[in-house]
Amino acid sequence: MNAPTIDESKLPEAMQILSDANVLMTEKDCESDSAVQQELETLQDRLRALTGNQKLQISSFKRYDAVSSLETAARGALMSPPEKEDITDGQIKEIVLNILQHDEVETDWWLGYLKLNTGLKNLTDYIFYPALVGLDRDSSMEQIADKIIADMHSA
């Protein structure tokens with residue numbers, strides 16, 4: 325099980341790229357201005373080269389500031405995407421029991437990791453809205469982990 329890591333030395337450049345892209349996407353005409361489109365493509369290429377993630381879409385960071393800080397958005401961009409692995413029920417339980425002890429970026433990464441590796445599309449409901457998946461609203465993280473594991477095996 326590979327935990328997420330961030331190369332801190334790349335953080336300033338990632339922040340600059342995302343900031344520049346956000347300005348373009350919110351203040352310029354990205355739809356019909358070919359010069360703006362080219363500039364945005366260049367920023368996307370730089371971000372992909374920096375992160376090593378060729379699937380990363382810079383457009384997904386448009387208006388990042390509505391939900392997080394620039395640093396948080398850049399940290400998220402620098403994390404490699406979760407991969408499908410063979411993980412045990414015990415590993416799933418360990419992740420769930422500790423998921424809320426991470427910062428926002430790592431929590432999001434672990435939620436994506438669990439979603440990918442359990443096959444449960446509504447995985448965030450288990451953690452944040454347990455009543456939506458048939459648990460008591462005040463369920464413990466251990467009860468939530470047990471429910472995730474049970475539902476993963478019955479899916």
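Last residue of the sequence shown: 479 in my numbering, with the numbers rising by one and none dropped.
In this text, a Cβ means the ideal position worked out from N, Cα and C, and glycines have one as well.
Inset, instruction - Report buried or exposed for Val347, applying the criterion of at least 16 other Cβ atoms within 10 angstroms of its Cβ. - result: exposed
Inset, instruction - Indicate the three-state DSSP secondary structure (helix, strand or coil) for Arg370 in the structure shown. - result: helix
Legend entry - Contact under 8 angstroms by Cβ, Ile411 with Asn441: yes
Inset, instruction - Look up Asn377 in the DSSP assignment and say whether it is helix, strand or coil. - result: coil
Legend entry - Cβ pair Leu424, Lys334 closer than 8 angstroms: no
Legend entry - Buried/exposed call for Leu456, threshold 16 Cβ in 10 Å: exposed
Legend entry - Ala479 in three-state terms, based on DSSP: coil
Legend entry - Residues near Lys417 in its chain [Cβ-Cβ closer than 8 angstroms; skip 5 each side]: Glu466, Ala469, Asp470, Ile473
Legend entry - Counted within 10 angstroms of its Cβ, other Cβ atoms place Pro328 as buried (16 or more) or exposed: buried
Legend entry - Rounded C-alpha distance that separates Asp389 from Ile341: 14 angstroms
Legend entry - Backbone secondary structure at Gly443 - three-state DSSP: coil
Inset, instruction - On a CA-only basis, which of Ser358, Val360, Asp353, Pro405 is nearest Leu435? Give me that one, please. - result: Pro405
Legend entry - Euclidean distance between Cα positions of Arg387 and Gln378: 21 angstroms
Legend entry - Supposed contact pair Ser392 and Met349 - C-beta distance, whole angstroms, cut 8 angstroms: Actually they do not touch by this definition, with Cβ atoms about 16 angstroms apart.
Inset, instruction - Report back the beta-carbon spacing between Leu444 and Ala479 to the nearest angstrom; my notes put them in contact at under 8 angstroms. - result: 7 angstroms
Inset, instruction - Return the chain-ordered list of same chain residues with a C-beta closer than 8 angstroms to the C-beta of Glu395, the five sequence neighbours on each side being excluded. - result: Leu335, Met339
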